[in-house]
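This report concerns only the one structure given below.
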Amino acid sequence: MSTIVSLPDQATASLPKRSYLNNEYGLKSWLLTGDHKRIAMLYLMSITFFFFIGGAMAGLIRLELLTPQPDLMASDTYNKLFTMHGVIMIFLFLVPSVPATIGNFVIPMMVGAKDLAFPKINLMSWYLYVIAGTFTISALVLGGVDTGWTFTTPLSTHYLNTHVVTAALGIFVAGFSSIFTGLNFIVTIHRMRAPGMTWFRLPLFCWSNYAASILMVLGTPVLAIAIVLVILERTIGIGVFDPAKGGDPLLFQHLFWFYSHPAVYIMILPGMGVISEVISTFSRKRVFGYTAVAFSSVAIALFGFFVWAHHMFIMGVSNYSALVFSLLTMLVAVPSAIKIFNWSATLYKGSITFETPMLYAFGFIGLFTIGGLTGVFLGSLGMDIHLTETYFIVAHFHFVMVGGMLMAYLSGIHFWWPKMTGRMYPEAMSKLAAVVTFIGFNLTFFPQFILGYLGMPRRYHAYPPEFQVLNVFSTAGATVLGIGYLMPMIYMTWSLKYGAIAGPNPWQATGLEWQTQSPPLTENFIETPIVDYEAYDYDWLANKTKHEVTTVG
Amino acid sequence: MHIISPVLWQFLVKWLTNFALFPPEASTIAPYADALYFFLILISLVGLVIVALLVAGFSIAYRAERNPVATHIEGSTLLEATWTIIPLALFMICFVWGALLYFRIYNPPTNAMNIYIVGKQWMWKAEHPGGQHEIDSLHIPINRPVQLTMISQDVFHSFSIPAFRVKREVIPGRYSTVWFEATTPGTYHLFCTQYCGTLHSQMIGQIVALKPEDYQAWTAGSTSGASLAQNGERLYASLGCNGCHSGQADARGPNLAAVYGAKLQLANGSAVTVDDAFLRDTILNPSMHVTAGYAPIMPTYQGQVSEEGLIDLVEYIKKLNSNYRIQQTLNTTQVSPSQTGAPLGTVAPNSGSGSTPGMVKP
């Protein structure tokens, strides 16, 4: 099987003498760094830590659901597990995953800048993340919280005596971490592009992160407000959500979903950016319909703000507002469809190779298509009545968030791993991991669609025995999926020391980040790059490489 | 036979013999919902197959071994338009179809019989108009539209009957309604689908759909002796409502006869149609809903009446609309002999404010 990987001669190759990794030594040089690449690595370690905590909880949940009886743990424990699983996976893993690790690392390099616009704010954003993580872990250690990640009032304000305030403060702080990341990206992309790097020469990864950043900056404050109101309601009883005091319990859900629906686009858009880069690189072709893909990101960000009430179709919102929100929900599905078709068309007349990032990207396309189309089921008003609050919802958003986003994240991590560390991951192992993940994922979550249509409600500790078979499949799949996630963890760590030396551009990719050494210098480029070619111009790259060879020879 | 494991073998046999992909269709709505579901599955399959064929086909046809040099293509406005407009058109069909189904599910027919549901952590209480009370079960007749008027006593719950394809959030402090018409006798699952605390997964029950004659028998056998309206009457008297809402011309409160369903002019200038929610709200927050021409003197009954009590009161006031005669008259009320066909001494239907209804002891 042919491959585009071109590595330097391993007998003579060595890592660059100076890079961001060995520029300075010591813990202090990491904890007080302003370097976007080091901050990205700090983020990478922290989100991996939280991913495995959240994943362990998912494992326990699936184990409990192996049998219909509530036999593994008490109901309260189960409720705390799915709450913490949701909180950790969403606020501490999915939201920061691609932007704060991969985005932080490559966006300044992609636009040809030395760093993000505000390095200290970037560092602060990581510290806020750590504080948020500490609050969340404290809530867990002190005895947990069992509101569900949605913190629905009045359950969260009046009816539970668990550590709601601690967990809520964690989310509040995590929100600011993501606002600062978004702010940094917006300013960097606007102001710090290298000479010649016009908007339409930006890699699509920058476009999609830019769209996600707008959502972060505009949406997250509303979540902060909602959370502060919950805390005030709990502590001093201001009564905004309490019907006995003339408050409206539904108001909380409006505020919460005003952030939390755009939040799913915050999570998925950067992942879509990864897919654009990967598909283009491994088919040696410019992304089909660059402008359509770029603007569909912006369209998703824009429409994403006006669909929040589709989480509340059965909550007694007026029939006519339900109509409007259903219509807008259908509209937001269109840009996603456009992206899928453009990625497929990119393959046409390409020269395709199947390295690990590409396998993950194919996994993304398949699973995200299913996730997106089942979203149409839920956007369709009458169907939503039967499907909402069941396992159909659970399966739908796991297809989008795990099947889509996590696949994209793993694709990106494998793709930029040589750039981040200077070393390759083991190819055969990682291909196996990609396949195992795909199979495990489908086995875990596909049966949940059927369970949902049968009516099995989500967040149920025990369930009627006739649902057992499908739950057994799901739990079996979760085991496979767990192995699929552990494998990269192990071989990536292994590759830090034993991986092949990657050289500056193992994939022969066109982005500016690949035109410098791996791992890069602290200041990224020796001299400011001047961009005189379009994005994904593989002919330019071929000419440049040929030129270099002749000069040296 | 069972080389691997007898447990696994039994499990597989059990699975193969009763493996359901769809819940039973037991209401008039269910076939409509399933039709839309199959349509959605169809377009999803078509979409998925197209994407899979494109990706797999191109991957095989243009793999690097077969096609070492890529051909550059900028894009195609025509293709972009195609894959914008066709999905959009399909999604619009889903939208219209879904909206029609939604209106069908949430707009009850006018002749529906009404049953009240109170949700609380972690049980469902059903209150039939005839005074039958049930916990975690609901008996209903088939072939007759049934409307549920639901309220929560504490947190959000959600009333879900998968076999009927209906579900509605049960909200604290606000009535919500859902309706269905069962078609097949049987026992079906009732789930609370909104997470509501520790025993959320125990907040389940059964819907028992009965043939009309069985339902008659059940109703007769389960009566508690007093209908909701009768309970309401008792409560009305014991709370002293009739002290002001006496129906007399000089009464301090408005006449409640025939008030249900009427259009009311409020002191703040707005006009409302009196329904269950409005009646409940005026009992709890009277100062927010003062009828034009009356002083805002009514105290709040917040915290004094349970949700079931409020349902009784609402049901009682609703019945004052008709010539309904409360069969069991309490000692606290006197029926004026001159009032023929009037349900009670307090207020009489069709009696003008000038008439003199029976006096009421507080």
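For the record, the sequence lines run as chains A and B. In terms of the working numbering, the numbers along the first sequence are unbroken and rise by one, the last being 554. In terms of the working numbering, the numbers along the second sequence are unbroken and rise by one, the last being 373. Each residue gets a CB set at the ideal place from its N, CA and C atoms; glycine is no exception.
- Contact between the region 497-517 of chain A and the region 414-424 of chain A is present, with at least three C-beta pairs closer than 8 Å.
- Taking the CA atoms as reference points, phenylalanine 186 of chain A sits about 53 Å from tyrosine 199 of chain B.
- Residues of chain A whose Cβ lies closer than 9 Å to the Cβ of isoleucine 182 of chain B are, in chain order, Pro244, Pro250, Leu251, Met316, Gly317.
- Residue-level contact by beta carbon fails for isoleucine 308 of chain B and chain A, as no gap is shorter than 7 Å.
- About 15 Å separates the CB atoms of leucine 250 of chain B and glutamate 326 of chain B; that is not less than 8 Å, and the two are not in contact.
- Apart from sequence neighbours up to five positions away, the residues of its chain that approach methionine 198 of chain A with a beta-carbon distance below 7 Å are Val112, Gly113, Val532, ordered along the chain.
- Collapsing the DSSP output to three states places serine 319 of chain A in coil.
- Pairwise C-beta distances place the region 164-172 of chain B in contact with the region 201-211 of chain B, as three or more of them are shorter than 8 Å.
- Taking 9 Å as the upper bound on Cβ-Cβ separation, chain A lies near residues Phe202, Cys203, Thr204, Gln205, Tyr206, Cys207, Gly208, Thr209, Leu210, His211, Ser212, Gln213, Ile215 of the region 201-224 of chain B.
- DSSP places phenylalanine 355 of chain A outside both helix and strand once states are collapsed to three, so it counts as coil.
- The beta-carbon of valine 62 of chain B is placed less than 7 Å from the nearest beta-carbon of chain A.
- Only buried fits tyrosine 539 of chain A, as 16 or more other CB atoms lie within 10 angstroms of its CB.
- Three or more Cβ pairs closer than 8 Å define a contact, and the region 151-162 of chain B meets that threshold against the region 189-197 of chain B.
- Legend: CB atoms of the region 291-323 of chain A lying less than 7 Å from CB atoms of chain B belong to residues Tyr291, Ala293, Ile315, Met316, Gly317, Asn320, Ala323.
- One alpha carbon belongs to phenylalanine 49 of chain B, the other to phenylalanine 446 of chain A, and they sit about 20 Å apart.
- For the set A:Glu390, A:Pro419, A:Gly367, the Cα lying nearest the Cα of phenylalanine 439 of chain A is the one of A:Gly367.
- A direct Cα-Cα distance of roughly 16 Å separates lysine 547 of chain A from proline 507 of chain A.
- Distance from the CA atom of serine 345 of chain A to the CA atom of leucine 61 of chain A, rounded to whole angstroms, is 37 Å.
- Per the C-alpha coordinates, the member of A:Val473, A:Lys121, A:Val174, A:Leu95 positioned closest to glycine 134 of chain A is A:Val174.
- A Cβ-Cβ separation of about 44 Å leaves valine 62 of chain B out of contact with leucine 149 of chain B under the 8 Å criterion.
- CA-to-CA, the gap between isoleucine 339 of chain A and alanine 293 of chain A works out to about 8 Å.
- Between the alpha carbons of isoleucine 48 of chain A and alanine 174 of chain B lies a distance of about 42 Å.
- One Cα belongs to proline 358 of chain A, the other to leucine 411 of chain A, and the distance between them is close to 7 Å.
- Rounded to the nearest angstrom, the gap between the Cα atoms of glutamine 509 of chain A and lysine 286 of chain A is 12 Å.
- Closest option to valine 333 of chain A, judged by alpha-carbon separation, among A:Val377, A:Gly290, A:Thr354, A:Phe355: A:Val377.
- In summary, valine 60 of chain B is exposed, with fewer than 16 beta-carbon neighbours lying within 10 Å of its beta-carbon over all protein chains present.
- Membership of serine 179 of chain A in the alpha helix (DSSP H) is indicated by the continuous run 165-192.
- For the region 260-283 of chain A, there are no residues whose beta carbon sits under 7 Å from a beta carbon of chain B.
- It is roughly 9 Å from the alpha-carbon of glycine 171 of chain A to the alpha-carbon of leucine 93 of chain A.
- For serine 214 of chain A, same chain residues with a beta-carbon under 7 Å away, outside a window of 5 residues either side, are Gly183, Phe186, Ile187 in chain order.
- Taking 9 Å as the upper bound on Cβ-Cβ separation, chain A lies near residues Tyr113, Phe114, Arg115, Ile116, Tyr117, Asn118, Gln132 of the region 113-136 of chain B.
- When the Cα atoms are used, threonine 95 of chain B and proline 336 of chain A turn out to be separated by approximately 8 Å.
- For the pair glycine 220 of chain A and alanine 14 of chain A, the Cα-to-Cα distance works out to about 47 Å.
- Secondary structure of cysteine 203 of chain B (DSSP, three-state): strand.
- The C-beta distance from serine 212 of chain B to histidine 312 of chain A rounds to 21 Å, too long to meet the 8 Å contact threshold.
- Of all residues in the region 284-314 of chain B, only Leu295, Asn296, Met299, Gln313, Gly314 place a beta-carbon less than 9 Å from a beta-carbon of chain A.
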